[in-house]
Amino acid sequence: MTTTPEGGQDKAESRRGFLVGMAVGALLVVLGVGVGYAMNNRSSGTRTGASAPTTPSTSTSAEVATTPLTVASSASSTVTATPRPRRSRSRVDNDSEGPTSGGSTSGGPAASPGAAVTNAALPDSSPVSCPAATVNVTTAVQLTAALHGARPGTVIALADGTYLGNFLANVPGTKDAPIYLCGGRGAVLDGGNVKIGYVLHLQGADYWRVVGFSVRNAQKGVVADATSHSVVQGLSVTDVGDEGIHLRAASSFNVVAGNVVARTGLLTEKFGEGIYIGSARKNWPKYGIGGGPDRSDYNVVRGNTISATTAENVDIKEGTTGGLLEGNTFDGAGGLTAADSWVDVKGNNWRIANNTGTHSPNDGFQTHQILPGWGTGNVFSGNHSVVDGPGYGIHLTNRDGNTVTCDNTVSGAGAGSSNVTCSG
(Lines of atoms letter the chains of each structure in order from A and count residues from 1; the text may use other names and numbers.)
(Lines give C-alpha, C1' and ligand atoms only; values in the text may rest on other atoms or scores of the structure.)
Protein backbone atom coordinates (compact mmCIF):
# COMPACT_ATOMS: atom_id res chain seq x y z
CA MET A 1 0.00 0.00 0.00
CA THR A 2 1.34 3.46 -0.94
CA THR A 3 1.48 5.92 1.95
CA THR A 4 0.64 9.58 1.30
CA PRO A 5 3.30 11.89 2.74
CA GLU A 6 2.35 13.53 6.03
CA GLY A 7 0.29 16.73 5.40
CA GLY A 8 -0.50 15.92 1.72
CA GLN A 9 -3.44 13.50 2.05
CA ASP A 10 -6.55 14.39 0.05
CA LYS A 11 -9.53 15.31 2.29
CA ALA A 12 -12.03 13.33 0.19
CA GLU A 13 -9.81 10.25 0.44
CA SER A 14 -9.67 10.76 4.18
CA ARG A 15 -13.46 10.95 4.44
CA ARG A 16 -13.94 7.78 2.36
CA GLY A 17 -11.40 5.97 4.55
CA PHE A 18 -13.20 7.16 7.66
CA LEU A 19 -16.60 5.98 6.42
CA VAL A 20 -15.23 2.59 5.33
CA GLY A 21 -13.56 2.18 8.70
CA MET A 22 -16.81 2.99 10.55
CA ALA A 23 -18.73 0.43 8.44
CA VAL A 24 -16.16 -2.29 9.04
CA GLY A 25 -16.11 -1.53 12.77
CA ALA A 26 -19.88 -1.78 13.00
CA LEU A 27 -19.85 -5.11 11.18
CA LEU A 28 -17.20 -6.48 13.56
CA VAL A 29 -19.25 -5.40 16.57
CA VAL A 30 -22.34 -7.20 15.22
CA LEU A 31 -20.34 -10.34 14.50
CA GLY A 32 -18.69 -10.20 17.93
CA VAL A 33 -22.01 -9.90 19.75
CA GLY A 34 -23.42 -12.85 17.79
CA VAL A 35 -20.44 -15.08 18.43
CA GLY A 36 -20.30 -14.08 22.08
CA TYR A 37 -23.99 -14.80 22.49
CA ALA A 38 -23.62 -18.25 20.92
CA MET A 39 -20.58 -19.13 23.00
CA ASN A 40 -22.20 -17.92 26.19
CA ASN A 41 -25.31 -19.99 25.52
CA ARG A 42 -23.16 -23.03 24.82
CA SER A 43 -21.05 -22.67 27.96
CA SER A 44 -24.00 -22.00 30.24
CA GLY A 45 -26.02 -24.96 29.07
CA THR A 46 -27.06 -27.35 31.82
CA ARG A 47 -25.67 -30.89 31.69
CA THR A 48 -28.58 -33.22 32.40
CA GLY A 49 -27.42 -35.71 34.98
CA ALA A 50 -23.94 -36.93 35.86
CA SER A 51 -22.34 -39.36 33.50
CA ALA A 52 -21.87 -42.92 34.64
CA PRO A 53 -18.68 -43.73 36.54
CA THR A 54 -15.72 -44.64 34.41
CA THR A 55 -15.67 -48.40 33.96
CA PRO A 56 -12.52 -49.96 35.42
CA SER A 57 -10.22 -51.44 32.85
CA THR A 58 -7.10 -53.50 32.72
CA SER A 59 -5.88 -51.52 29.74
CA THR A 60 -2.84 -49.30 30.13
CA SER A 61 -4.72 -46.03 29.86
CA ALA A 62 -5.49 -44.28 33.14
CA GLU A 63 -8.46 -42.14 32.21
CA VAL A 64 -10.36 -39.86 34.55
CA ALA A 65 -14.09 -39.27 34.29
CA THR A 66 -15.05 -35.79 33.08
CA THR A 67 -17.92 -35.23 35.51
CA PRO A 68 -17.34 -32.96 38.52
CA LEU A 69 -16.44 -34.75 41.74
CA THR A 70 -17.92 -33.64 45.06
CA VAL A 71 -15.50 -33.93 47.96
CA ALA A 72 -15.30 -32.77 51.55
CA SER A 73 -13.27 -29.63 52.14
CA SER A 74 -11.20 -28.93 55.25
CA ALA A 75 -14.10 -26.88 56.56
CA SER A 76 -16.39 -29.93 56.28
CA SER A 77 -18.50 -28.26 53.61
CA THR A 78 -18.80 -29.68 50.14
CA VAL A 79 -16.88 -28.26 47.21
CA THR A 80 -16.73 -29.26 43.57
CA ALA A 81 -13.36 -30.24 42.20
CA THR A 82 -12.84 -29.24 38.59
CA PRO A 83 -12.04 -32.49 36.81
CA ARG A 84 -9.26 -32.82 34.30
CA PRO A 85 -10.19 -33.98 30.80
CA ARG A 86 -9.63 -37.53 29.68
CA ARG A 87 -5.95 -38.04 29.06
CA SER A 88 -4.27 -39.59 26.09
CA ARG A 89 -1.44 -42.02 26.56
CA SER A 90 1.12 -39.26 26.36
CA ARG A 91 2.80 -38.05 29.57
CA VAL A 92 0.99 -34.75 29.92
CA ASP A 93 0.02 -35.03 33.57
CA ASN A 94 3.39 -34.92 35.29
CA ASP A 95 3.06 -32.81 38.40
CA SER A 96 6.50 -31.32 38.84
CA GLU A 97 7.22 -28.17 40.80
CA GLY A 98 9.96 -26.92 38.51
CA PRO A 99 13.16 -25.59 40.08
CA THR A 100 13.27 -25.91 43.87
CA SER A 101 14.78 -22.50 44.48
CA GLY A 102 13.67 -20.17 47.22
CA GLY A 103 11.53 -17.10 46.67
CA SER A 104 8.12 -16.74 45.08
CA THR A 105 6.90 -17.08 41.54
CA SER A 106 4.65 -14.57 39.87
CA GLY A 107 1.35 -14.98 38.12
CA GLY A 108 -1.78 -16.99 38.80
CA PRO A 109 -4.64 -16.43 41.22
CA ALA A 110 -3.99 -15.25 44.73
CA ALA A 111 -3.32 -18.18 47.05
CA SER A 112 -5.07 -17.88 50.38
CA PRO A 113 -3.11 -19.52 53.19
CA GLY A 114 -4.77 -22.32 55.08
CA ALA A 115 -6.02 -22.26 58.65
CA ALA A 116 -3.79 -23.30 61.53
CA VAL A 117 -3.51 -27.02 62.06
CA THR A 118 -5.41 -28.55 64.95
CA ASN A 119 -5.19 -32.13 66.14
CA ALA A 120 -8.97 -32.40 66.02
CA ALA A 121 -8.88 -31.88 62.25
CA LEU A 122 -6.63 -34.85 61.54
CA PRO A 123 -8.05 -38.28 60.71
CA ASP A 124 -7.64 -41.27 62.99
CA SER A 125 -4.47 -43.08 61.94
CA SER A 126 -4.91 -46.19 64.08
CA PRO A 127 -3.98 -49.37 62.18
CA VAL A 128 -6.71 -50.84 59.99
CA SER A 129 -7.70 -54.51 60.27
CA CYS A 130 -9.48 -56.10 57.34
CA PRO A 131 -12.81 -57.83 58.07
CA ALA A 132 -13.84 -61.16 56.60
CA ALA A 133 -14.04 -61.02 52.83
CA THR A 134 -17.33 -60.53 51.02
CA VAL A 135 -15.63 -60.94 47.62
CA ASN A 136 -12.61 -63.15 46.91
CA VAL A 137 -10.60 -62.55 43.73
CA THR A 138 -7.80 -64.49 42.09
CA THR A 139 -7.50 -62.87 38.63
CA ALA A 140 -7.20 -59.38 37.15
CA VAL A 141 -10.59 -59.76 35.48
CA GLN A 142 -12.21 -60.65 38.81
CA LEU A 143 -10.47 -57.71 40.51
CA THR A 144 -11.72 -55.27 37.87
CA ALA A 145 -15.27 -56.56 38.31
CA ALA A 146 -15.01 -56.41 42.11
CA LEU A 147 -13.81 -52.80 42.06
CA HIS A 148 -16.59 -51.82 39.67
CA GLY A 149 -19.23 -53.64 41.70
CA ALA A 150 -18.08 -52.50 45.13
CA ARG A 151 -20.62 -50.91 47.44
CA PRO A 152 -20.36 -49.56 51.00
CA GLY A 153 -19.31 -52.45 53.24
CA THR A 154 -17.72 -54.54 50.47
CA VAL A 155 -14.51 -56.33 51.52
CA ILE A 156 -12.40 -57.45 48.55
CA ALA A 157 -9.71 -60.03 49.37
CA LEU A 158 -6.80 -60.57 46.97
CA ALA A 159 -5.32 -64.02 46.78
CA ASP A 160 -1.57 -64.24 46.25
CA GLY A 161 -0.59 -63.94 42.60
CA THR A 162 0.06 -61.30 39.94
CA TYR A 163 -2.77 -59.05 38.75
CA LEU A 164 -1.67 -57.43 35.51
CA GLY A 165 -3.31 -54.15 34.55
CA ASN A 166 -4.27 -50.64 35.66
CA PHE A 167 -7.07 -50.69 38.20
CA LEU A 168 -9.66 -48.03 39.01
CA ALA A 169 -11.72 -47.66 42.20
CA ASN A 170 -14.36 -44.95 41.87
CA VAL A 171 -17.26 -46.07 44.07
CA PRO A 172 -17.35 -44.26 47.44
CA GLY A 173 -17.85 -46.00 50.74
CA THR A 174 -19.32 -44.33 53.80
CA LYS A 175 -18.09 -43.49 57.26
CA ASP A 176 -20.06 -46.36 58.78
CA ALA A 177 -19.43 -48.79 55.91
CA PRO A 178 -15.99 -48.32 54.31
CA ILE A 179 -14.91 -50.38 51.32
CA TYR A 180 -11.87 -52.62 51.83
CA LEU A 181 -9.29 -53.85 49.33
CA CYS A 182 -6.94 -56.20 51.20
CA GLY A 183 -4.21 -58.68 50.44
CA GLY A 184 -0.81 -59.95 51.49
CA ARG A 185 2.48 -58.88 49.95
CA GLY A 186 2.24 -61.93 47.70
CA ALA A 187 -0.72 -60.30 45.95
CA VAL A 188 0.95 -58.09 43.34
CA LEU A 189 -0.83 -55.45 41.25
CA ASP A 190 1.47 -55.00 38.25
CA GLY A 191 0.91 -52.20 35.73
CA GLY A 192 3.11 -53.88 33.14
CA ASN A 193 5.08 -50.80 32.03
CA VAL A 194 6.77 -47.92 33.87
CA LYS A 195 6.05 -45.56 30.98
CA ILE A 196 2.27 -45.33 31.32
CA GLY A 197 -0.75 -45.65 33.60
CA TYR A 198 -1.45 -45.90 37.33
CA VAL A 199 -1.36 -49.27 39.03
CA LEU A 200 -4.21 -48.29 41.36
CA HIS A 201 -6.26 -45.14 40.86
CA LEU A 202 -8.64 -44.03 43.62
CA GLN A 203 -10.98 -41.57 41.95
CA GLY A 204 -13.65 -40.12 44.22
CA ALA A 205 -13.14 -43.23 46.35
CA ASP A 206 -14.02 -41.84 49.78
CA TYR A 207 -13.82 -44.18 52.79
CA TRP A 208 -11.67 -46.87 51.21
CA ARG A 209 -9.21 -49.04 53.15
CA VAL A 210 -6.41 -50.21 50.85
CA VAL A 211 -4.25 -52.60 52.84
CA GLY A 212 -1.28 -54.90 52.61
CA PHE A 213 -0.53 -55.90 49.02
CA SER A 214 2.20 -55.00 46.51
CA VAL A 215 2.09 -52.40 43.74
CA ARG A 216 4.66 -52.09 40.97
CA ASN A 217 5.57 -51.37 37.39
CA ALA A 218 3.56 -48.39 36.04
CA GLN A 219 4.14 -44.69 35.49
CA LYS A 220 2.63 -44.03 38.94
CA GLY A 221 1.93 -46.39 41.79
CA VAL A 222 -1.14 -45.35 43.82
CA VAL A 223 -2.91 -42.10 42.91
CA ALA A 224 -5.86 -40.63 44.82
CA ASP A 225 -7.93 -37.94 43.09
CA ALA A 226 -10.82 -36.22 44.90
CA THR A 227 -10.63 -38.97 47.52
CA SER A 228 -11.09 -38.27 51.22
CA HIS A 229 -11.30 -40.19 54.51
CA SER A 230 -9.44 -43.14 53.00
CA VAL A 231 -6.46 -45.19 54.19
CA VAL A 232 -3.48 -46.52 52.21
CA GLN A 233 -1.71 -48.84 54.62
CA GLY A 234 1.04 -51.44 54.58
CA LEU A 235 1.57 -51.54 50.83
CA SER A 236 4.83 -52.25 49.05
CA VAL A 237 5.09 -49.70 46.24
CA THR A 238 8.18 -50.19 44.09
CA ASP A 239 9.62 -49.90 40.61
CA VAL A 240 7.49 -47.11 39.15
CA GLY A 241 8.26 -44.53 36.48
CA ASP A 242 7.36 -41.42 38.50
CA GLU A 243 5.97 -41.05 42.05
CA GLY A 244 5.02 -43.91 44.34
CA ILE A 245 1.93 -42.63 46.23
CA HIS A 246 0.21 -39.36 45.31
CA LEU A 247 -2.74 -37.59 46.98
CA ARG A 248 -4.09 -34.76 44.83
CA ALA A 249 -7.22 -32.98 43.49
CA ALA A 250 -8.56 -32.02 46.94
CA SER A 251 -7.87 -35.41 48.52
CA SER A 252 -8.13 -34.63 52.23
CA PHE A 253 -8.36 -36.34 55.64
CA ASN A 254 -6.54 -39.42 54.34
CA VAL A 255 -3.97 -41.64 56.06
CA VAL A 256 -0.88 -43.00 54.31
CA ALA A 257 0.74 -45.29 56.88
CA GLY A 258 3.19 -48.13 57.19
CA ASN A 259 3.98 -48.41 53.50
CA VAL A 260 7.33 -49.31 51.95
CA VAL A 261 8.13 -47.13 48.93
CA ALA A 262 11.30 -47.66 46.87
CA ARG A 263 12.78 -47.42 43.40
CA THR A 264 10.71 -44.58 42.00
CA GLY A 265 11.62 -42.28 39.11
CA LEU A 266 12.56 -45.07 36.72
CA LEU A 267 11.01 -43.10 33.86
CA THR A 268 11.77 -39.47 34.80
CA GLU A 269 14.07 -38.80 37.74
CA LYS A 270 12.70 -35.35 38.64
CA PHE A 271 9.19 -36.81 39.04
CA GLY A 272 10.29 -39.73 41.21
CA GLU A 273 8.95 -38.66 44.61
CA GLY A 274 8.15 -41.39 47.11
CA ILE A 275 5.03 -39.79 48.63
CA TYR A 276 3.58 -36.65 47.07
CA ILE A 277 0.87 -34.45 48.60
CA GLY A 278 -1.02 -31.91 46.50
CA SER A 279 -0.08 -30.40 43.15
CA ALA A 280 2.50 -27.92 41.91
CA ARG A 281 1.19 -24.41 41.23
CA LYS A 282 1.33 -24.89 37.45
CA ASN A 283 -1.01 -27.87 37.74
CA TRP A 284 -3.69 -26.15 39.84
CA PRO A 285 -5.83 -25.53 36.73
CA LYS A 286 -6.07 -29.35 36.39
CA TYR A 287 -6.22 -30.44 40.02
CA GLY A 288 -7.22 -27.36 42.03
CA ILE A 289 -10.67 -26.00 42.71
CA GLY A 290 -11.69 -23.36 40.18
CA GLY A 291 -8.08 -22.90 39.15
CA GLY A 292 -7.05 -22.20 42.73
CA PRO A 293 -4.94 -24.30 45.10
CA ASP A 294 -5.13 -28.06 45.19
CA ARG A 295 -6.44 -28.19 48.76
CA SER A 296 -5.34 -31.67 49.67
CA ASP A 297 -5.52 -30.83 53.36
CA TYR A 298 -5.26 -32.54 56.76
CA ASN A 299 -3.62 -35.71 55.52
CA VAL A 300 -1.50 -37.93 57.80
CA VAL A 301 1.69 -39.54 56.48
CA ARG A 302 2.95 -41.81 59.26
CA GLY A 303 5.35 -44.71 59.75
CA ASN A 304 6.37 -45.17 56.12
CA THR A 305 9.79 -46.43 55.02
CA ILE A 306 11.00 -44.62 51.90
CA SER A 307 14.25 -45.16 50.02
CA ALA A 308 15.86 -45.19 46.56
CA THR A 309 13.64 -42.38 45.25
CA THR A 310 15.16 -40.16 42.60
CA ALA A 311 13.23 -37.08 43.80
CA GLU A 312 12.27 -36.28 47.41
CA ASN A 313 11.20 -39.08 49.69
CA VAL A 314 8.24 -36.82 50.57
CA ASP A 315 7.16 -33.67 48.70
CA ILE A 316 4.47 -31.48 50.28
CA LYS A 317 3.19 -28.94 47.78
CA GLU A 318 2.08 -25.33 48.00
CA GLY A 319 -1.69 -25.18 48.48
CA THR A 320 -1.85 -27.95 51.10
CA THR A 321 -2.59 -27.25 54.74
CA GLY A 322 -2.58 -28.80 58.18
CA GLY A 323 -1.08 -32.24 57.63
CA LEU A 324 1.12 -34.45 59.78
CA LEU A 325 4.37 -36.12 58.67
CA GLU A 326 5.37 -38.32 61.58
CA GLY A 327 7.52 -41.33 62.41
CA ASN A 328 8.71 -42.03 58.89
CA THR A 329 12.12 -43.40 57.89
CA PHE A 330 13.97 -41.77 54.99
CA ASP A 331 17.09 -42.96 53.19
CA GLY A 332 18.76 -41.03 50.39
CA ALA A 333 21.50 -43.58 49.68
CA GLY A 334 21.44 -44.66 46.07
CA GLY A 335 18.75 -42.12 45.23
CA LEU A 336 17.86 -38.41 45.35
CA THR A 337 19.58 -37.85 42.01
CA ALA A 338 17.01 -35.12 41.20
CA ALA A 339 16.56 -33.69 44.71
CA ASP A 340 18.70 -32.27 47.49
CA SER A 341 16.70 -33.26 50.59
CA TRP A 342 14.55 -36.08 51.92
CA VAL A 343 11.58 -33.80 52.56
CA ASP A 344 10.51 -30.51 50.96
CA VAL A 345 7.61 -28.62 52.57
CA LYS A 346 5.92 -25.88 50.54
CA GLY A 347 2.50 -26.05 52.21
CA ASN A 348 1.27 -24.41 55.41
CA ASN A 349 0.89 -25.52 59.02
CA TRP A 350 2.33 -28.97 58.64
CA ARG A 351 3.85 -30.76 61.61
CA ILE A 352 7.01 -32.69 60.74
CA ALA A 353 7.78 -34.78 63.81
CA ASN A 354 9.83 -37.76 64.98
CA ASN A 355 11.10 -38.76 61.56
CA THR A 356 14.49 -40.39 60.96
CA GLY A 357 16.64 -39.75 57.90
CA THR A 358 20.02 -40.92 56.64
CA HIS A 359 22.25 -40.14 53.65
CA SER A 360 21.30 -36.93 51.86
CA PRO A 361 23.24 -35.27 49.03
CA ASN A 362 22.70 -31.90 50.72
CA ASP A 363 20.03 -31.10 53.37
CA GLY A 364 17.80 -33.31 55.43
CA PHE A 365 14.55 -31.28 55.57
CA GLN A 366 13.71 -28.13 53.65
CA THR A 367 10.99 -25.51 53.27
CA HIS A 368 10.42 -23.38 50.18
CA GLN A 369 8.05 -20.55 49.33
CA ILE A 370 6.76 -21.08 45.82
CA LEU A 371 3.95 -18.53 46.19
CA PRO A 372 3.46 -15.67 48.69
CA GLY A 373 1.50 -16.87 51.69
CA TRP A 374 2.61 -20.47 51.34
CA GLY A 375 5.47 -22.40 52.91
CA THR A 376 4.80 -21.02 56.38
CA GLY A 377 3.53 -22.10 59.80
CA ASN A 378 5.34 -25.44 59.65
CA VAL A 379 6.86 -26.98 62.79
CA PHE A 380 9.83 -29.38 62.85
CA SER A 381 10.19 -31.29 66.11
CA GLY A 382 11.86 -34.44 67.39
CA ASN A 383 13.40 -35.40 64.04
CA HIS A 384 16.68 -37.36 63.93
CA SER A 385 18.90 -36.57 60.94
CA VAL A 386 22.13 -38.33 59.96
CA VAL A 387 22.76 -36.23 56.89
CA ASP A 388 26.23 -37.25 55.72
CA GLY A 389 26.06 -34.32 53.32
CA PRO A 390 27.25 -30.72 52.99
CA GLY A 391 23.97 -29.04 53.89
CA TYR A 392 21.84 -28.51 56.99
CA GLY A 393 19.79 -30.96 58.96
CA ILE A 394 16.84 -28.58 58.61
CA HIS A 395 17.09 -25.78 56.06
CA LEU A 396 14.33 -23.17 56.07
CA THR A 397 14.78 -21.32 52.79
CA ASN A 398 11.59 -19.52 53.81
CA ARG A 399 12.11 -18.69 57.47
CA ASP A 400 8.97 -16.64 58.10
CA GLY A 401 6.53 -18.37 60.41
CA ASN A 402 8.32 -21.73 60.42
CA THR A 403 9.66 -23.23 63.64
CA VAL A 404 12.50 -25.62 64.46
CA THR A 405 12.29 -26.86 68.04
CA CYS A 406 15.39 -27.71 70.06
CA ASP A 407 14.60 -31.43 70.35
CA ASN A 408 15.69 -32.20 66.78
CA THR A 409 19.02 -34.05 66.58
CA VAL A 410 21.43 -33.70 63.67
CA SER A 411 24.76 -35.30 62.80
CA GLY A 412 26.93 -35.37 59.71
CA ALA A 413 25.54 -32.09 58.36
CA GLY A 414 28.38 -30.02 56.90
CA ALA A 415 26.56 -26.69 57.27
CA GLY A 416 25.20 -27.41 60.77
CA SER A 417 21.96 -28.40 62.40
CA SER A 418 19.84 -25.61 60.91
CA ASN A 419 20.08 -22.17 59.38
CA VAL A 420 17.73 -20.83 62.10
CA THR A 421 17.94 -20.75 65.88
CA CYS A 422 15.87 -23.44 67.52
CA SER A 423 13.10 -22.63 69.97
CA GLY A 424 11.41 -24.36 72.86
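Position in the sequence shown (from 1) plus 23 gives the number in this note's numbering.
Beta carbons are placed, not taken as given, at the ideal position from N, Cα and C, and that holds for glycine.
Here G301 is near T343, since their CB atoms are less than 8 angstroms apart. Apart from sequence neighbours up to five positions away, the residues of its chain that approach A155 with a beta-carbon distance below 7 angstroms are V178, ordered along the chain. Note: I329 is bridge-paired with V284 and F353 in the DSSP secondary-structure output. If you draw a 10 Å sphere on the C-beta of C205, you find 16 or more other C-beta atoms in it, and that means buried. With respect to V263, S237 sits apart: the two C-beta atoms are not nearer than 8 angstroms. Assigned with DSSP and collapsed to three states, G380 falls in strand. For the pair G414 and G380, the Cα-to-Cα distance works out to about 14 angstroms. Taken in chain order, the complete beta strand (DSSP E) segments of 3 or more residues contained in the stretch 216-243 are 221-226, 231-234 and 237-239. Runs of the beta strand (DSSP E) spanning 3 or more residues and lying entirely within the stretch 385-422 occur at 388-390, 402-404, 407-412 and 415-419, in chain order. The beta carbons of G220 and V234 sit no closer together than 8 angstroms. For the 8 angstroms CB-CB criterion, V366 and V337 form a contact.
Each residue's CA atom was taken as its position, placing G288 and A200 some 36 angstroms apart. Residue nearest to A168 within the set Y186, S259, A376 and L359 is Y186 (criterion: CA-CA distance).
Boundaries of the alpha helix (DSSP H) around G172: A163 to G172.
Taken atom to atom, the span from the alpha-carbon of T360 to that of D423 is near 29 angstroms. Bounds of the alpha helix (DSSP H) holding Y310 are W307 to Y310.
Minimum Cα-Cα distance from A163 among the listed residues G207, N189, I393 and L270 corresponds to N189. Setting aside the 5 residues that flank it on each side, T428 is surrounded in the same chain by V402, F403, S404, G405, C445, S446 and G447, each with a C-beta closer than 8 angstroms to its C-beta; the list follows chain order.
Taken through DSSP and simplified to helix, strand or coil, F276 comes out as coil.
For R208, the three-state secondary structure derived from DSSP is coil. By the C-beta density criterion, R208 is exposed, having fewer than 16 other C-beta atoms within 10 angstroms. Shown here, A362 sits in coil according to DSSP, grouped into three states, outside any helix or strand. Between G370 and W397, the C-beta gap is smaller than 8 angstroms, which places the two residues in contact. Contact between D317 and K340 holds, with the beta-carbon distance rounding to 7 angstroms and staying under 8 angstroms.
Spanning the alpha carbons of G227 and A173 requires a straight line of approximately 13 angstroms. Straight-line spacing of the CA atoms in N431 and V245 works out to 31 angstroms. Scanning its chain for C-beta atoms nearer than 8 angstroms, with the 5 sequence neighbours on each side dropped, one finds around K198 the residues Y230 and H252, in chain order. Of the residues N421, V255 and G357, the one whose Cα lies closest to the Cα of F276 is V255. Put simply, the stretch 301-310 does not touch the stretch 325-332. Fewer than three CB pairs are less than 8 angstroms apart.
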